[in-house]
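Numbering (UniProt numbering), first residue to last: 1 to 169.
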């Protein structure tokens with residue numbers, strides 16, 4: 001049960017969870033791979049754990065974490081971009097036109113737009129998203145239009161210190 005709990009916890013928290021083989025070695029191979037998987041299903045079922053689709057917020061956190069782990073990352077820039085991107089993402093959730101974009105694309109584009117609007121010296125490398133540049137640019141342009149039409153609403157969604165960095169709002 002302990003190894004199963006560790007497996008579940010690692011899948012939730014770790015970027016690179018240990019393999020099932022490594023976890024089985026922890027308990028001296030007392031269980032088979034199938035037994036571990038079955039116990040995992042039982043534990044998740046008993047906890048009423050439902051898997052949910054990743055959201056824009058999930059990907060914003062992920063891309064922001066990747067950005068901070070990059071060499072020479074500016075934590076202040078990353079925090080400001082993350083806050084502005086979160087506000088832009090919230091605006092996009094209220095606009096039906098953005099339903100065509102995947103949450104990961106919206107997150108990457110929101111961060112890219114935030115970097116552009118805040119004139120950051122070391123913006124997020126959008127290639128980490130895996131999307132073609134043209135698709136990212138299209139989504140960023142649509143988000144830019146959304147921001148220009150809803151600047152007042154966006155300013156209410158932002159922390160005051162980030163809103164002050166956005167004179168165009």
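Ideal Cβ placement from N, Cα and C applies to all residues, glycine included.
For this session: Please name the residue, chosen from 44, 122, 154, that lies closest to residue 78 on a Cα-to-Cα basis.
Result: 122
For this session: Leaving out five residues on either side along the sequence, give the residues of the same chain with a beta carbon under 7 Å from the beta carbon of residue 10.
Result: 17, 18
Problem set entry | Contact set for residue 159: own chain, Cβ-Cβ below 7 Å, skip 5 residues either direction | 83
Exercise. Rounded to the nearest angstrom, how far is the Cβ of residue 117 from that of residue 41, given a contact under 8 Å?
Worked result: Actually they do not touch by this definition, with Cβ atoms about 46 Å apart.
For this session: Could you pull out every residue in the same chain whose Cβ sits closer than 6 Å to the Cβ of residue 73, ignoring the five residues on either side in sequence?
Result: 67
Problem set entry | DSSP three-state assignment for residue 38, whether helix, strand or coil | helix
For this session: Please classify residue 96: does DSSP put it in a helix, a strand, or coil?
Result: helix
Problem set entry | Segment contact flag, the stretch 30-41 with the stretch 85-95, C-beta cutoff 8 Å, min 3 pairs | no
Exercise. Whose C-beta lies closer than 7 Å to the C-beta of residue 115 among residues of the same chain, with five residues either side of it excluded?
Worked result: 81, 123, 124
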